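A.B. asks:
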Amino acid sequence: MSVVSTTVEDGVAVLTMDNPPVNSGNAAMRSGLADALDSIAAREDIRAVVIASANKHFYAGSDISEFDRPLVDPQLPAVIERIETLTVPVVAAITGLALGGGFELALGCDARIADTTAAVGFPEVTLGILPGAGGTVRGARLVGVPAAIDLVASARRVKADEALRLGLVDEVVESADLVHAATERAQQMQGKNRLRDRTAPAASVEEIDAARAIASKRARPNVLAAIEAVCRGVDIDASDALAEERLLFDSLRVGAESSNLRYLFFAKSAAAKALRTEAKAPAVSVVGIAGAGTMGAALARAFRARRYDVIVYDTNRQALDRVTANSDITVTDSIADLGKTGLIVDAVFEDMDVKKSLLTSLEPHLADDAVIVSNTSYLDLNEMASALDRPQRFAGLHFFNPPDRNPLVEVIRAGTTDGSTLAVLASIVAKLGKSPIPAGIGDGFVANRVYADYRSQVEFLVEEGASPAEVDAALVELGFAIGPFAVADMSGLDIAWARRKRLAPNRDPEQRYVTIADRLCEAGRLGKKTGAGWYAYPDGAKRGIPDEVAASIIDDARRDAGVAPRSIDGDEIRDRVQGSMVCAAASLVENGIAGRASDIDVAMTEGFAFPKWLGGPVRALALRDPSDVIDVLAVVHRSCPLSFASAEPATRGEMPELIGRILESVR
Ligand code: T1G
């Protein structure tokens with residue numbers, strides 16, 4: 254049964270695409286469209302065509318899973334060519350998403366009618382490629398080079414009203430009227446209106462250069478190629494431009510960067526899928542935040558930005574005033590007011606007694622189906638749940654700074670969390686546009702556990718002879734936007750210092766411990782906010798500079814640790830950082846705290862700015878030569894045999910079995 258059906262009425266053929274769940278453009282869809290278009294071309298009685306969807310989305314783009322092997326004919330350009338070769342007008346009836354190839358299909362039509370749920374865009378650059386079926390060529394001929402550069406390079410989705418304003422669609426109607434409006438439009442049109450025959454709307458050199466400059470900032474090679482394709486495409490014959498664009502697309506598609514980004518796309522999908530349950534999720538429209546501190550206020554903004562009604566509760570009036578200062582968020586110092594909410598996020602002080610007392614006073618005010626989550630970074634959720642009469646309504650929802658911008662969130666089941674609570678959380682994180690990973694209960698859950706080992710390793714490297722600036726530079730060269738010591742100075746050294754002091758009594762004496770960060774804090778160097786941390790910030794400088802005081806503190810710590818400093822090159826720094834993260838991933842998967850190794854790649858790329866085009870630390874090491882990997886793991890193990898016990902076999906030249914398995918799982 255074809256995924257494309259055709260109905261004909263009054264000489265108008267309506268092609269309906271039905272390839273659930275998202276109408277992705279796989280081989281079946283393309284051949285269904287090609288066959289339907291070929292049949293129409295052979296008929297004399299058809300005077301107009303509409304291409305519509307039977308589902309929520311028009312066409313969510315090409316099927317990404319097909320990109321790892323040679324593409325099957327007919328490929329999308331050949332389908333679009335059939336549309337342009339038809340002598341009768343073809344109108345796209347866009348509902349929901351028309352992304353990538355889906356929007357390119359619509360651009361091959363002679364007109365585009367959208368309904369109010371429609372959104373169009375070119376997400377291709379987020380997959381390490383560029384639009385490969387005419388998006389750079391027809392897009393520029395429709396809206397001009399500057400707007401086309403923005404669309405192709407930003408990958409942003411354009412909602413129906415803006416799409417109409419930009420000229421990306423010709424009309425916006427209610428969903429119920431969509432096919433009718435598209436049919437009417439097709440019947441009224443006097444012949445074709447092929448974008449490939451147009452010249453691009455005029456744009457000045459200044460406008461083009463301005464758009465290029467914005468789009469090129471920190472742009473990856475594929476984005477630069479996409480910008481060039483847009484600019485060049487309007488100056489040459491459309492057929493040549495389309496052919497050049499396709500060649501570029503094909504060369505990028507088979508490259509490592511695109512393969513890694515596609516891997517991450519499916520890794521995020523797998524992590525989100527792991528959270529799905531059969532249970533029904535009661536709809537939540539009002540969210541309560543308990544705690545108006547920095548995190549609570551940022552969480553309130555994050556929920557508000559996704560059109561939840563938000564009530565922030567705190568007993569501290571000044572904190573509440575800061576929340577209301579520039580937002581339409583309700584605040585209250587009465588905990589009873591949280592009774593109106595369907596989800597309450599605990600963002601109070603990280604202390605078990607404080608949290609348990611909050612839960613005990615909160616619960617009596619709540620409806621039975623209201624869900625409570627804690628944003629705790631490391632406290633035991635099962636102990637917290639014990640404070641509730643209905644612990645099944647409770648889980649962890651761990652956001653990452655800044656929560657209104659950082660897409661990563663960990664969904665942590667307590668032992669008592671039920672399916673309905675999980676269903677609520679799955680729908681909440683989807684509506685927030687987050688990249689969720691499931692996490693089990695353990696110190697630091699998943700992401701902070703990996704981050705802790707990363708942080709330990711970079712401090713080992715400084716103790717052994719690298720400077721903070723050398724470590725930061727090596728990791729910026731890997732692709733991080735800024736290095737770990739610059740990040741530490743930005744967020745402040747005191748938070749981690751307080752935690753180390755709290756954990757000191759239980760620290761294993763066998764655990765390698767670097768005292769440099771403690772010594773910096775004891776010297777009052779708490780980071781940028783105190784004018785100095787790992788770096789100095791003279792006169793409130795934005796960027797830190799290495800200084801003698803930090804250097805001498807580091808030298809003292811090396812001497813007291815009996816470490817003779819040596820020069821350490823960038824490759825060793827990058828290898829040891831990635832190797833440490835992989836060791837952490839292996840133990841998290843083995844202990845069932847992480848569901849799968851790719852979740853660690855999602856966490857580190859989404860939440861900690863590990864370069865996405867490498868696929869994440871596990872993927873990056875998995876693509877290395879196994880003998881290199883063994884050497885890397887041996888060095889990591891020697892840096893701290895206790896922390897990196899899982900790498901021990903590598904010191905004997907063997908691939909550790911568990912690590913070998915998780916590397917295999919992400920290839
Ligand atoms: N290819 C293959 N599978 C896809 C897919 C795609 N494009 N989009 C979604 N899926 C799967 C997904 O893995 C999941 O599978 C199920 O569909 C539901 O997705 C030639 C070259 C459209 C916004 O980048 O952004 O066109 O886990 O859970 O939350 O120039 O999916 O159920 O087994 O994400 O409602 C461009 C990618 C491709 C869009 C829907 N298109 N997709 O989100 O559902 S390149 C994209 C999405 C291209 C042309 C170029 C989202 C969505 P499973 P879901 P959702």
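Going left to right, the sequence shown walks through residues 254 to 920 as my numbering numbers them.
Cβ coordinates follow ideal geometry from the N, Cα and C atoms, glycine included.
What you are looking at is a predicted structure, and each value in this text was computed from that prediction instead of being measured.
1) Look up residue 367 in the DSSP assignment and say whether it is helix, strand or coil.
2) Beta-carbon within less than 8 Å of residue 635's beta-carbon, same chain only, minus the 5 sequence neighbours each way: which residues are those?
3) Since residue 335 and residue 290 are thought to touch, with beta carbons under 8 Å apart, how far apart are those beta carbons, to the nearest angstrom?
4) Report yes if the C-beta of residue 526 is less than 7 Å from at least one heavy atom of the ligand T1G; otherwise report no.
5) With C-beta atoms as the reference, is residue 632 less than 8 Å away from residue 615?
6) Does the separation of the CB atoms of residue 853 and residue 838 fall below 8 Å?
7) In chain order, what are the residue ranges of uninterrupted alpha helix (DSSP H) at least 4 long that sit wholly in the region 758-828?
8) For residue 512, tell me which candidate among 638, 683, 475 and 526 has the shortest Cα-Cα distance.
9) For residue 606, report the span of its alpha helix (DSSP H) as first-last.
10) Is it buried or exposed for residue 701, if we count other Cβ within 10 angstroms and need 16 for buried?
11) Does any residue of chain D bring its CB to less than 8 Å from the CB of residue 498?
12) At which residue ranges does the region 638-717 contain complete alpha helix (DSSP H) runs of 4 or more residues, listed in the order of the chain?
13) Would you check whether the ligand T1G has a heavy atom nearer than 7 Å to the C-beta of residue 390?
14) Quick one: what's got a C-beta closer than 6 Å to residue 848's C-beta in the same chain, skipping five residues either side?
15) Hey, is the region 810-819 in contact with the region 711-720, meaning 3+ C-beta pairs nearer than 8 Å?
16) Using a threshold of 7 Å, is the CB atom of residue 851 nearer than that to any non-hydrogen atom of the ligand T1G?
17) At 3 residues or longer, and completely inside the region 879-907: list those beta strand (DSSP E) runs for me, N to C.
18) When we look at the beta-carbon of residue 399 and count the other beta-carbons within 10 Å, is it buried (16 or more) or exposed?
19) Residue 834: buried (16+ other C-beta within 10 angstroms of its C-beta) or exposed?
20) Going by beta carbon distance, what residues of the same chain come within less than 6 Å of residue 275, once the five residues before and after it are set aside?
21) What span of residues does the alpha helix (DSSP H) with residue 516 cover, start to end?
22) Express the C-alpha separation of residue 915 and residue 281 in angstroms, rounding to a whole number.
23) From which residue to which residue does the beta strand (DSSP E) around residue 422 run?
24) Please specify which runs of the beta strand (DSSP E), each continuous and at least 3 residues long, are wholly inside the region 273-322, giving them in chain order.
25) Which same chain residues, not among the five before or five after residue 453, have their C-beta less than 7 Å away from its C-beta?
26) Using only the alpha-carbon positions, how far apart do residue 577 and residue 620 sit?
27) For residue 345, which residues in the same chain have their Cβ closer than 6 Å to its Cβ, ignoring the five residues on either side in sequence?
28) Rounded C-beta distance between residue 422 and residue 413? I'm assuming under 8 Å.
29) In whole angstroms, give me the CA-to-CA distance for residue 650 and residue 689.
30) For residue 347, report the span of its beta strand (DSSP E) as first-last.
31) Along the chain, where does the beta strand (DSSP E) that runs through residue 268 open and close?
32) Sorted by chain position, which residues of the same chain lie with C-beta nearer than 8 Å to residue 655's C-beta, five sequence neighbours on each side aside?
33) Checking the sheet assignment: what are the DSSP bridge partners for residue 566?
34) Taking 7 Å as the cut-off, does the CB of residue 357 come closer than this to any heavy atom belonging to the ligand T1G?
35) Check for me: the alpha helix (DSSP H) holding residue 436 runs from which residue to which?
36) Starting from residue 260, trace the beta strand (DSSP E) both ways and give me its first and last residue.
C.D. replies: In short:
1) As a working note, residue 367 is residue 114 in the sequence shown. DSSP places residue 367 in strand when its eight states are reduced to three.
2) Taking the first residue of the sequence shown as 1, we reach residue 635 at position 382. In the same chain as residue 635, and ignoring 5 residues on each side of it, the C-beta atoms closer than 8 Å to its own belong to 667, 668, 669 and 694, in chain order.
3) The residue given as residue 335 occupies position 82 in the sequence shown. The residue given as residue 290 occupies position 37 in the sequence shown. Sure, about 4 Å apart at Cβ, within 8 Å.
4) Translated into the one-based positions of the sequence shown, residue 526 becomes position 273. Under cutoff, so the answer is yes.
5) Looking up residue 632 in the sequence shown gives position 379. Looking up residue 615 in the sequence shown gives position 362. Result no, Cβ atoms of residue 632 and residue 615 do not sit closer than 8 Å.
6) By 1-based counting over the sequence shown, the position of residue 853 is 600. By 1-based counting over the sequence shown, the position of residue 838 is 585. It is a contact, given that the beta carbons lie within the stated cut-off.
7) 769-775 and 801-813
8) What you label residue 512 is simply residue 259 of the sequence shown in a count that begins at 1. Checking every option, the nearest Cα to that of residue 512 belongs to 475.
9) Stepping through the sequence shown from its first residue, residue 606 is reached at position 353. That run of the alpha helix (DSSP H) goes 605-615.
10) Taking the sequence shown and counting its residues from 1, the one referred to as residue 701 is at position 448. With 16 or more other Cβ atoms from the protein chains shown falling within 10 Å of its own Cβ, residue 701 counts as buried.
11) In summary, chain D is missing from the structure at hand, where a single protein chain is found.
12) 672-684 and 700-717
13) Counting from one through the sequence shown, the residue named residue 390 turns up at place 137. It does not: the Cβ of residue 390 is nowhere closer than 7 Å to a heavy atom of the ligand T1G.
14) What you label residue 848 is simply residue 595 of the sequence shown in a count that begins at 1. Hits under 6 Å: 527 and 691.
15) yes
16) The sequence position of residue 851 within the sequence shown is 598, counting from 1. No.
17) Within the region 879-907, no complete beta strand (DSSP E) run reaches 3 residues.
18) Residue mapping note: residue 399 aligns to position 146 of the sequence shown, counting from 1. Flag for residue 399 reads buried.
19) For the purposes of this step, residue 834 is taken as residue 581 along the sequence shown, with counting starting at 1. By the neighbour-count rule (16 or more Cβ atoms within 10 Å), residue 834 is buried.
20) Within the sequence shown, residue 275 is the residue found at index 22, counting from 1. In the same chain as residue 275, and ignoring 5 residues on each side of it, the C-beta atoms closer than 6 Å to its own belong to 310 and 313, in chain order.
21) What you label residue 516 is simply residue 263 of the sequence shown in a count that begins at 1. Note, residue 516: alpha helix (DSSP H), 509-526.
22) Counted from its first residue, the sequence shown places residue 281 at position 28. Counted from its first residue, the sequence shown places residue 915 at position 662. Spanning the two alpha carbons is a distance of roughly 33 Å.
23) Residue mapping note: residue 422 aligns to position 169 of the sequence shown, counting from 1. Per DSSP, residue 422 belongs to no beta strand (DSSP E) and is neither H nor E.
24) 301-306
25) Within the sequence shown, numbered from 1, the residue matching residue 453 stands at position 200. Excluding positions up to five away in sequence, the list reads 393, 394, 397, 398 and 487.
26) Taking the sequence shown and counting its residues from 1, one reaches residue 577 at position 324. Taking the sequence shown and counting its residues from 1, one reaches residue 620 at position 367. The alpha-carbon atoms of residue 577 and residue 620 are separated by roughly 26 Å.
27) Here residue 345 is taken as the residue at index 92 of the sequence shown, counted from 1. Hits under 6 Å: 304, 359, 362 and 365.
28) Here residue 422 is taken as the residue at index 169 of the sequence shown, counted from 1. Here residue 413 is taken as the residue at index 160 of the sequence shown, counted from 1. The pair is a contact, with the Cβ atoms about 7 Å apart (cut-off 8 Å).
29) To locate residue 650, count along the sequence shown from 1; it is residue 397. To locate residue 689, count along the sequence shown from 1; it is residue 436. Residue 650 and residue 689 have their C-alpha atoms some 9 Å from each other.
30) Sequence index remark: in the sequence shown, residue 347 carries index 94 (1-based). Per DSSP, residue 347 belongs to the beta strand (DSSP E) from 343-347.
31) The residue given as residue 268 occupies position 15 in the sequence shown. Its beta strand (DSSP E) spans residues 265-270.
32) Counted from its first residue, the sequence shown places residue 655 at position 402. So the qualifying residues of the chain are 551.
33) Position 313 of the sequence shown, counting from 1, holds the residue named residue 566. In DSSP, residue 566 forms a bridge with 543 and 585.
34) As a working mapping, residue 357 is identified with position 104 in the sequence shown. Correct: residue 357 has its Cβ closer than 7 Å to the ligand T1G.
35) On the sequence shown, position 183 is the one that residue 436 refers to. For residue 436, the enclosing alpha helix (DSSP H) starts and ends at 431-441.
36) In the sequence shown, the residue the question calls residue 260 occupies position 7. Per DSSP, residue 260 belongs to the beta strand (DSSP E) from 257-262.
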